[in-house]
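Below you'll find the structure, written out as structure tokens, and then a few comments.
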Amino acid sequence: MNLLSPQNKSLILFFLFAGIAIIASFFLLVIAITFFPITIGIFIIVKYTPIRHTFTKVYHKIYDYLFYQSEKPRKLLWGFIYDFMCAYFPLNKWRAMNYGYALLNENGRILNNLDEQQEEERFCIQLYHMVATNCLKLKDLQGKRVLEVGSGRGGGLYYIHQSLKPEYCVGVDYSQNQVDFCKTTYRENQKLNYLQGDAENLTNLNIQTFDLIINVESSHCYGNFQKFVQEVTKLLNTGGLFIITDFRAIEELKQFEQDLQSTGLKLETKEDITINVLQALKLDEKRKQQWMNRHCGIIFRSFFNKFSGVQSSRIFQELSERKTLYLIYALRKV
Numbered sequence: 083m084n085l086l087s088p089q090n091k092s093l094i095l096f097f098l099f100a101g102i103a104i105i106a107s108f109f110l111l112v113i114a115i116t117f118f119p120i121t122i123g124i125f126i127i128v129k130y131t132p133i134r135h136t137f138t139k140v141y142h143k144i145y146d147y148l149f150y151q152s153e154k155p156r157k158l159l160w161g162f163i164y165d166f167m168c169a170y171f172p173l174n175k176w177r178a179m180n181y182g183y184a185l186l187n188e189n190g191r192i193l194n195n196l197d198e199q200q201e202e203e204r205f206c207i208q209l210y211h212m213v214a215t216n217c218l219k220l221k222d223l224q225g226k227r228v229l230e231v232g233s234g235r236g237g238g239l240y241y242i243h244q245s246l247k248p249e250y251c252v253g254v255d256y257s258q259n260q261v262d263f264c265k266t267t268y269r270e271n272q273k274l275n276y277l278q279g280d281a282e283n284l285t286n287l288n289i290q291t292f293d294l295i296i297n298v299e300s301s302h303c304y305g306n307f308q309k310f311v312q313e314v315t316k317l318l319n320t321g322g323l324f325i326i327t328d329f330r331a332i333e334e335l336k337q338f339e340q341d342l343q344s345t346g347l348k349l350e351t352k353e354d355i356t357i358n359v360l361q362a363l364k365l366d367e368k369r370k371q372q373w374m375n376r377h378c379g380i381i382f383r384s385f386f387n388k389f390s391g392v393q394s395s396r397i398f399q400e401l402s403e404r405k406t407l408y409l410i411y412a413l414r415k416v
């Protein structure tokens, strides 16, 4: 048994952080008891006076900086989170990780003939279908070499290879645990390969160039997005497409679009799918809640509610209010 395997490392890190959290909580409890009157006073002020709005804003600013704006902290935090989630949920039933895409009707369906696993994660798979077909402009990918950066648990790329028939597919992910999961889960498919790698240093993998490179709800985790675009440009064949979908706050969109075109890639299409993502989140909420209640310990449930985008989450509210948009961009290397 390899005690230093990526999965064991994640578990060791988890118990280390849990131990630190328990010790810190003990000291905070001692401090709270010692300064009980002051603690109660601060709690009442923060909870029931206008200062709570300022407190919430400060908390959100710190959170957004660490998880969406910083360089190294963001990369390390998301890497740890995805490594931990794959170790905590070694389940074959969870293979696609995104907010999903749905038509604006009662069932939201655009795909037929999904297998049992894909049907359970229908809306996540539909987002992959929209990206890989360039919003339904392409019927299939026959003869194409496809790279997915940020391939997660591999279900989206597996669907693309199975249904759109590209010649060869490679998935790259920062989390070694997720790569190991994919190598085990899809090991029978010889034309589907998964590699551990850094989105900002793709050329270090010594892989060939590709006709289509996709990136699905992953780029918000990258410390240096412009460097990622540079790496994509190097690996894209002339005439090839780079299709990316993700969410961004309104105030970040201008810089995001400048970075996308900073290496000379030509923007062909831009699709605002915010309303379709919201519809998918609504239609998929019951399944997600049941899944979390069944598999997620109560201590982590609050985090996974936020992560999954349920209707009580901040990301759902910001998408609803259009403070944050969810878009698909298609760019071609000329």
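All residue numbers for the sequence shown refer to the numbering used here, where the first residue is 83 and numbers rise by one. Quick reminder that beta carbons are idealized off the backbone N, C-alpha and C, glycines included.
How many angstroms separate the CA atom of residue i from the CA atom of residue j?
i                 : j              : result
glycine 225       : arginine 134   : 57 Å
asparagine 375    : arginine 383   : 8 Å
phenylalanine 292 : leucine 323    : 9 Å
glutamine 272     : alanine 214    : 20 Å
leucine 287       : cysteine 264   : 18 Å
tyrosine 304      : aspartate 354  : 22 Å
leucine 75        : glutamine 208  : Past the edges of the chain, shown from 83 to 416, lies residue 75, and the structure says nothing about it.
tyrosine 164      : leucine 220    : 31 Å
threonine 356     : tyrosine 147   : 23 Å
asparagine 319    : glutamate 270  : 28 Å
glutamate 203     : asparagine 297 : 18 Å
lysine 154        : asparagine 195 : 42 Å
glutamate 333     : alanine 106    : 36 Å
aspartate 366     : proline 119    : 45 Å
alanine 362       : alanine 100    : 34 Å
According to DSSP, simplified to helix, strand and coil, what is residue i?
i              : result
glutamate 230  : strand
alanine 412    : strand
threonine 267  : helix
cysteine 251   : strand
tyrosine 304   : coil
glutamine 278  : strand
aspartate 222  : coil
asparagine 180 : coil
valine 392     : coil
Around the Cβ of residue i, are there at least 16 other Cβ atoms within 10 angstroms (buried) or fewer (exposed)?
i             : result
aspartate 255 : buried
lysine 336    : exposed
aspartate 403 : The question names aspartate, but residue 403 in the sequence shown is glutamate. Exposed is the call here.
aspartate 197 : exposed
valine 112    : exposed
serine 394    : exposed
valine 140    : exposed
glutamine 372 : exposed
threonine 138 : exposed
Given residue i, which residues of its chain have a CB within under 7 Å of its CB, disregarding the five upstream and five downstream residues?
i              : result
asparagine 174 : Thr267
Among residues of its own chain, excluding the 5 on either side of residue i, which ones have a beta-carbon nearer than 6 Å to its beta-carbon?
i              : result
valine 416     : Lys348
alanine 281    : Val231, Tyr304, Phe310
isoleucine 295 : Leu229, Val314, Leu318, Phe324
isoleucine 326 : Asn297, Tyr411
aspartate 222  : Leu246, Lys247
aspartate 328  : Glu299, Ser301, His302
Hey, does residue i have any beta-carbon neighbour from chain D nearer than 7 Å?
i             : result
threonine 285 : This model lacks chain D altogether, as it is built from one protein chain only.
Legend entry - Ranges of the beta strand (DSSP E) found wholly within the segment 321 to 371, counting only runs of at least 3: 348 to 354
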